[in-house]
Amino acid sequence: MDSFLIEGGVVLRGDVNISGSKNAVLPIMAATLLTAETCVIRRVPDLSDVRFMGKILESIGAEVQFEDHTLTIRAANVRGFGDYDLIRKMRGSICILGPLLARLREATVSLPGGCVIGTRPIDLHLKAIAALGAELRVAGGYVHAKAPRLDGALVFLGGRAGPTVLGTANLLMAATLADGVTVIESAACEPEIIDLADFLKAMGANIHGAGSPTITVTGVKELHGAEHEVIPDRIEAGTFAVAAAATGGSVTLRGARPDHLGAVLDKLQESGVRIERSAGALTVRGNGVLRPVDATTMPYSGFPTDMQAQLMALMCLAPGTSIITERIFESRFMHASELMRLGADIAIEGPSAIVKGGRPLSGAPVMASDLRASAALVVAGMAAGGTTQVNRVYHLDRGYEKMEEKLERLGARISRVPGE
Ligand code: UD1
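Numbering (the numbering used here), first residue to last: 9 to 428.
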């Protein structure tokens, strides 16, 4: 397993191009199953999760080409049975259930896997599909769904922790080919849902209200092929913004969408970081002096859970106490103990982490436990004195395109050490 070796203490400076959004492209890839015609998706990040989703689509009969950040997918002949071993390895794969069922009226997919950040149930996905009239059976690690016809319905999708992003995506996709009108209440408002809706609309779907808590879908008889450019990755942009702030540097994020980053930029500004917005870019300037801030993760447009670990790494550098509360996933503090190996002072009290920042961090070997935790360790390693070895960076490769090369171009001393 590869690892990163980081020599800390370098101030990041320069420009970085933000790649397309991982969380937007995965459901969009699933949506190509809704038509037999060819779909072309541009600005696709070259990530292991994207290649993996491509393999899943191939395993059910789609033709997938991926070249130069463009995906061409033709799902002319698909079967409704997803490969167990492929699907259970990736959470995002659950969103093939809705489109497969809508296209074939029968689908069998295995229960999904993903990052180890909580129990991650799929009850809301199943509720959504059942509301359209599908019969569901969960047995032997598989979900079997069958629906001679799908009927539009009013579906309330709010769960214990608020709306579900991929659950909203699943229902949105299934509803495009249902008979009649589906109203999704307490829908996820994430920009990735708007991007999916834009792609579905380009395929001929009739959708109103994406990006708001109420989405209305009027079913159509069939969808056709379409072209689409994926939105920039707001979490990659946020991670580079935090890295700039943590090293007291100045980094311009090319292609980043400030309108998708409101809560993150607000917290950075509150902690003393300067943000300059210009057409098509965003510049983040740290001045070396950070103030502690409190943050609570929430559904969009609140502070994203996918930026919680990186903010915690930053707060380790801000003299004073900050409280970071995780309200979306219950086990998402695995990075705290690894940050403590670098010298951070963090106490976990229920859903909150109390960070006493300002102690100097010093390099150490650390273990990446999930995608965003890994990013937090890279940020902390760049701000720490000496050498930090971040092990198991395959987690990072799932969601950050060539992270070490992008950081190196900003001046970081970072290298990939190939593992067995
Ligand atoms: C997506 C993102 C992930 C992000 C998360 C929250 C992708 C590929 N992944 O994951 O990066 O961290 O949104 O912004 O887009 N829940 C239920 N029942 C369900 C489904 C979810 O109780 O059936 C709960 C979850 O346990 C969690 C909350 O709802 O507490 C939100 O999860 P959800 O929005 O569904 O996350 P994902 O869509 O899986």
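Glycine is no exception: its CB is placed at the ideal position from the N, C-alpha and C atoms.
Nearest-angstrom Cα separation, counted from Gly17 out to Thr165: Here residue 165 is taken as the residue at index 157 of the sequence shown, counted from 1. Here residue 17 is taken as the residue at index 9 of the sequence shown, counted from 1. Here residue 165 is Leu; the residue named in the question, Thr, does not match the sequence. The alpha-carbon atoms of Leu165 and Gly17 are separated by roughly 46 Å.
Asn31: CB within 7 Å of a non-hydrogen atom of the ligand UD1: Counting from one through the sequence shown, the residue named residue 31 turns up at place 23. Checking the Cβ of Asn31 against the ligand UD1 gives yes.
Rounded straight-line distance, which links the Cα of Val297 to that of Met323: For the purposes of this step, residue 323 is taken as the residue at position 315 of the sequence shown. For the purposes of this step, residue 297 is taken as the residue at position 289 of the sequence shown. If I take the Cα positions, the gap works out to 11 Å.
Reference Arg99, options Thr80, Ile81 and Pro129, closest by Cα: Counting from one through the sequence shown, the residue named residue 99 turns up at place 91. That would be Pro129, whose Cα lies nearest to the Cα of Arg99.
Near the ligand UD1: Leu41 beta-carbon under 7 Å from a heavy atom: The residue you call residue 41 lines up with position 33 of the sequence shown. Incorrect: Leu41 has no Cβ contact closer than 7 Å to the ligand UD1.
Inter-stretch contact at 8 Å, needing at least 3 Cβ pairs: the region 348-363 / the region 411-419: no
Which of helix, strand or coil DSSP assigns to Ser258: Here residue 258 refers to the residue found at position 250 of the sequence shown. Strand.
Ala388 in three-state terms, based on DSSP: Reading the sequence shown from its first residue, position 380 is the one you call residue 388. Correct three-state label for Ala388: helix.
Per DSSP, the bridge partner or partners of Phe74: Indexing the sequence shown from 1 puts residue 74 at position 66. According to DSSP, which records beta bridges pairwise, Phe74 is partnered with Leu79.
Straight-line gap, Ala196 to Ile243 (C-alpha atoms, nearest Å): Reading the sequence shown from its first residue, position 188 is the one you call residue 196. Reading the sequence shown from its first residue, position 235 is the one you call residue 243. C-alpha separation (whole angstroms): 17 Å.
Whole-angstrom distance between Ala177 and Ala83, CA atom to CA atom: For the purposes of this step, residue 83 is identified with residue 75 of the sequence shown, where counting begins at 1. For the purposes of this step, residue 177 is identified with residue 169 of the sequence shown, where counting begins at 1. Taking the straight line from one Cα to the other gives about 19 Å.
Pairwise C-alpha distance: Ser370 and Met320: Here residue 320 corresponds to residue number 312 of the sequence shown, with the count starting at 1. Here residue 370 corresponds to residue number 362 of the sequence shown, with the count starting at 1. Distance between the alpha carbons of Met320 and Ser370 is about 16 Å.
Helix, strand or coil at Lys364 [DSSP, three-state]: Here residue 364 is taken as the residue at index 356 of the sequence shown, counted from 1. It is a strand residue.
Start and end residues, beta strand (DSSP E) containing Arg50: By one-based count along the sequence shown, residue 50 stands at place 42. From DSSP, the beta strand (DSSP E) with Arg50 extends over Thr46 to Arg50.
Contact test: Ala337 Cβ vs the ligand UD1 heavy atom, cutoff 7 Å: Sequence index remark: in the sequence shown, residue 337 carries index 329 (1-based). Just to set this straight, residue 337 is Phe in the shown sequence, not Ala. Checking every heavy atom of the ligand UD1 against the Cβ of Phe337, one is found closer than 7 Å.
Rounded straight-line distance, which links the Cα of Leu144 to that of Ala138: Mapped onto the sequence shown, residue 138 falls at position 130. Mapped onto the sequence shown, residue 144 falls at position 136. Whole-angstrom Cα-Cα distance: 7 Å.
Exposure of His216, with buried meaning 16 or more beta-carbon neighbours within 10 Å: To locate residue 216, count along the sequence shown from 1; it is residue 208. Per the 10 Å Cβ criterion, exposed.
Ranges of the alpha helix (DSSP H) found wholly within the region 298-344, counting only runs of at least 4: 316-323
Where Asn295 sits in the DSSP three-state scheme: The residue labelled residue 295 in the question sits at position 287 within the sequence shown. In the structure shown, Asn295 sits in coil (DSSP, three-state: anything other than H, G, I, E or B).
Cα-Cα separation, Arg113 to Phe89: Working through the sequence shown from its first residue, we reach residue 113 at position 105. Working through the sequence shown from its first residue, we reach residue 89 at position 81. So the two alpha carbons sit approximately 12 Å from each other.
Segment contact flag, the region 252-262 with the region 59-75, C-beta cutoff 8 Å, min 3 pairs: no
Spatial neighbours of Gly280 in its chain, beta-carbon cut-off 7 Å, leaving aside the 5 residues before and after: The residue given as residue 280 occupies position 272 in the sequence shown. Taken in chain order, the residues that qualify are Asn295, Val297, Leu298 and Arg299.
Own chain residues within Cβ distance below 6 Å of Arg265, not counting five before or after: One-based indexing of the sequence shown puts residue 265 at position 257. Result list for Arg265: Pro240, in chain order.
Beta-carbon proximity of Leu20 to Val374, cut-off 8 Å: Reading the sequence shown from its first residue, position 12 is the one you call residue 20. Reading the sequence shown from its first residue, position 366 is the one you call residue 374. In this structure, Val374 does not lie closer than 8 Å to Leu20 by Cβ.
Ile130 Cβ short of 7 Å to the ligand UD1 heavy atom set: Position 122 of the sequence shown, counting from 1, holds the residue named residue 130. Checking the Cβ of Ile130 against the ligand UD1 gives yes.
Beta-carbon contacts of Ile104 that lie in its chain and below 8 Å, excluding the five residues immediately before and after: Sequence index remark: in the sequence shown, residue 104 carries index 96 (1-based). Cβ neighbours of Ile104 beyond the five flanking positions: Ala38, Leu41, Ile64, Leu65, Ile68, Gly90, Ile95, Ala115 and Val117.
Residues near Glu193 in its chain [Cβ-Cβ closer than 8 Å; skip 5 each side]: Position 185 of the sequence shown, counting from 1, holds the residue named residue 193. Result list for Glu193: Leu162, Val163, Phe164, Leu165, Gly166, Pro221 and Thr222, in chain order.
For Ala392 and Phe337, the rounded distance between their alpha carbons: Position 329 of the sequence shown, counting from 1, holds the residue named residue 337. Position 384 of the sequence shown, counting from 1, holds the residue named residue 392. Phe337 and Ala392: Cα-Cα distance of roughly 28 Å.
C-beta atoms of Gly427 and Met61 nearer than 8 Å: The residue labelled residue 427 in the question sits at position 419 within the sequence shown. The residue labelled residue 61 in the question sits at position 53 within the sequence shown. Going by C-beta atoms, Gly427 is not nearer than 8 Å to Met61.
Inter-residue spacing [alpha-carbon to alpha-carbon] between Glu71 and Ala361: What you label residue 71 is simply residue 63 of the sequence shown in a count that begins at 1. What you label residue 361 is simply residue 353 of the sequence shown in a count that begins at 1. Glu71 and Ala361: Cα-Cα distance of roughly 46 Å.
CA nearest to the CA of Ala218, picked from Gly288, Val173, Ala384 and Arg50: Your numbering for residue 218 matches position 210 in the sequence shown. That would be Val173, whose Cα lies nearest to the Cα of Ala218.
Check whether Val33 and Val48 have beta carbons under 8 Å apart: As a first step, residue 33 is located in the sequence shown; it is residue number 25 there, counting from the start. As a first step, residue 48 is located in the sequence shown; it is residue number 40 there, counting from the start. Against a cut-off of 8 Å, the Cβ pair of Val48 and Val33 comes out as no contact.
Reduced DSSP secondary structure (H/G/I, E/B, other) of Met98: By one-based count along the sequence shown, residue 98 stands at place 90. The answer is coil: DSSP assigns Met98 none of H, G, I, E or B.
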